[in-house]
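Right, one structure below, let's go through it.
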Amino acid sequence: MDILQEGKLRGKNIADVVKEQVHGTSVGKGSTVVWIERVLTELRLHVAIPVDSVDWSEESIGTLLSAAGMTVRYVTEAPTCAAYIAEFESIFLHVLEVPKWTKPFVGLKMVALRGCTRLLESFADVVQRHAEVIDWISTALDIMLSTDDASVSTCMQLLFRPTCEHLNVLVQAHAASVPLLMPIVPRFLRLYSTKFCGCPTKQNKDDILEFTSFLSVLLDTILPPLPSARSLLATPLLPVEASPLLPLHVMSKDEWHRFYTSSAAMKSMLCVLPSLYAAASYDLPCEASTDCFVAYFLHILTMLGEAATSEGSTIDKLEHMSSAVESLRDLLMRHMQFQPKREINDVAAPFMKVVPVLQDVFAFIGDVAKDKSLRGFKAIIADIRDSGIECYVALMHVMGTDFWSLETEFSFLHTVAVKVADPLIFGDFLKVLRPVDRNNVDQVDRYASKVADVVTVLTKGLRQSQRYSKTLAVRMVEGVSQIAVGAGVDLKPHVPRDCSRPHPPLLHRAIR
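Counted from 1, the sequence shown has number 338 at position 338 by UniProt numbering; the numbering is strictly sequential.
Structure (structure tokens):
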């Protein structure tokens, strides 16, 4: 197109030229129509040329496809453009379906696929031909998995990330398309396991990041939702008993085993491991899915421990730590959902490893918080701290009365709960330790002693509330009600003496 060529001579890229034509309040409906029809006319002429003809020009078609995608992305007169979406979609699909996979054609397919993605992002309600794009993606995956020749390498290099990006947008824009996507997920994971993980190039890392984002969004769409760990005290997480809305069949039993026994495969999928465990719970027998949980659990703990103790830049360590601690929390929550299928004894030993690892995490972020030169990391430190506390809460509810073993081993109340300075954790602590057998005098007495310890700790804090921040003071007031919920009738002996008359200075600080 002359306009695009002139823009190039003026030092403008395609996006800049397109914005001049369709983007901005000064661009009216008439100008938008003229530009769109000009782009479509040129595209019709070029794609009608046989691909084996000397007149076929990959460069010209690539430029026009880019201009078309940018037009869809930047057009201000969206209602005007909507009338042309079907034709844009038809041309993009025509290019995708050209039966050639040499590098020039793969490059054109990449641009056409990104054009389809722009259509979804801007005109999701108008786009209709999702199934055809998914069918093409299925073909592309087969080619990527076929051999290791040059054409396959080119496909992986140019198409893998745009494919994941497109499907990520598709799941969010059209959840009804999810059943069409599930059959291709096993091939995505096979491709990741065989050709991407263990190859730490910059491009591979970016490709894997896009893939994990897509996989996470997809699985979260069909798996039972996860509530906040903070809500477990009032609303226990009910186990999942029914089958998922869709058949999962994410991997075969052998593929699952190869995946969860490969540290390289798990390393880049850290944030998706909780969802993959949930999928494994549907795909695998109980014993195998328990093995999967333990493998993921220990891997996340290893990654979290390394982030807290290894060398490296502070921001990189904090970002990795944030991702790992959130994955640990979510994995524990997923375990709770599928607990009826699990024996707690099978995973009790790994659970004992959580406390020392999280203690290292809290020590690390505590040191970072004290460093005045690192004040810019305040937000991520707060996020890690909150997620770490939620890990403790989730672990309590997963273990139930078995949490007594952690209390005994680590003096959890005094060495952990008090030090994290979050009174809200005490309610969950007392809830899970409640004696199962009220006729067992030893259990009842042991629990009563622990309730007294918690009341003593919180009462001491209430009396010293003026020393603390307003936020912590408010949390201590809220902690009283949390303890009441957690301990139930076992708190009654302490109410008249310790909790019925909050100190006026504390209430003054909380209200202020």
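Glycine included, every Cβ here is placed at the ideal spot set by N, Cα and C.
Coarse secondary structure for residue i, derived from DSSP in three states
i    : result
L45  : helix
W101 : coil
M269 : coil
Q464 : coil
R334 : helix
D355 : Correcting the residue identity first, residue 355 is Val in this sequence and not Asp. Looking at V355 - three-state DSSP - the assignment turns out to be helix.
H397 : helix
D292 : The amino acid at residue 292 is misidentified as Asp; the sequence shows Cys. Reduced to three states, the DSSP call for C292 is helix.
S411 : coil
V127 : coil
V432 : helix
E287 : helix
L298 : helix
K341 : Because the pLDDT at K341 is just 46, under 50, the model does not fix this residue reliably, and the value given afterwards should be weighed accordingly. Reduced to three states, the DSSP call for K341 is helix.
H174 : coil
L248 : coil
H23  : coil
D206 : helix
C199 : coil
R10  : coil
V418 : coil
P274 : helix
A234 : coil
E478 : helix
E311 : coil
L424 : coil
R446 : helix
R438 : coil
L218 : helix
T456 : helix
Cβ neighbours of residue i in the same chain (closer than 8 Å, five flanking residues each side left out)
i           : result
S193        : E255, R258, F259, S262, A265
residue 536 : Shown here, the chain extends from 1 to 512; a query on residue 536 therefore has no answer.
T314        : V368, L374, F377
H494        : V451, A452, V455
I184        : I134, I137, S138, L141
K492        : none
I14         : L4, G7, T63, S66, A67, M70
D437        : Q443
I300        : L270, L273, A324, S327, L328, L331
L108        : E58, I61, G62, L65, V95, V98
P236        : H397
Test: residue i CB closer than 9 Å to a CB of chain C
i    : result
T194 : Of the protein chains in the structure, only one exists, and it is not chain C.
Own chain residues within Cβ distance below 7 Å of residue i, not counting five before or after
i    : result
Y74  : V18, K19, V22, H23
Y277 : C292, F293, Y296, L331, R334
R129 : E89, L93
D16  : G7
E409 : M352
I365 : I381, I384, R385
S146 : V152
A175 : T221
Sequence-distant residues of its chain with Cβ nearer than 6 Å to residue i (five each side left out)
i    : result
V272 : T212, L215, S216
E132 : L93
R161 : D207, E210
V111 : G62, L65, S66
F412 : L406
Check your understanding: Quick check: the segment 80-95 against the segment 26-38, are there 3 or more CB pairs under 8 Å?
Key -> yes
Review point. Three or more C-beta pairs closer than 8 Å, one from the segment 216-225 and one from the segment 146-156: is that the case here?
Key: no
Check your understanding: Quick one: any contact between the segment 304-317 and the segment 288-296, if contact means 3 or more CB pairs under 8 Å?
Key -> no
Check your understanding: Just checking, does the segment 418-430 make contact with the segment 485-492 on the three C-beta pairs under 8 Å criterion?
Key -> yes
Check your understanding: Would you call the segment 183-199 and the segment 356-366 in contact, with 3 or more CB pairs under 8 Å?
Key -> no
Review point. Are the segment 38-50 and the segment 83-99 touching by the rule of at least three beta carbon pairs closer than 8 Å?
Key: yes
Review point. Mind pulling the alpha helix (DSSP H) runs of 4 or more residues that sit fully within the segment 55-115?
Key: 58-74, 78-82, 85-96
Check your understanding: Are the segment 158-173 and the segment 225-242 touching by the rule of at least three beta carbon pairs closer than 8 Å?
Key -> no
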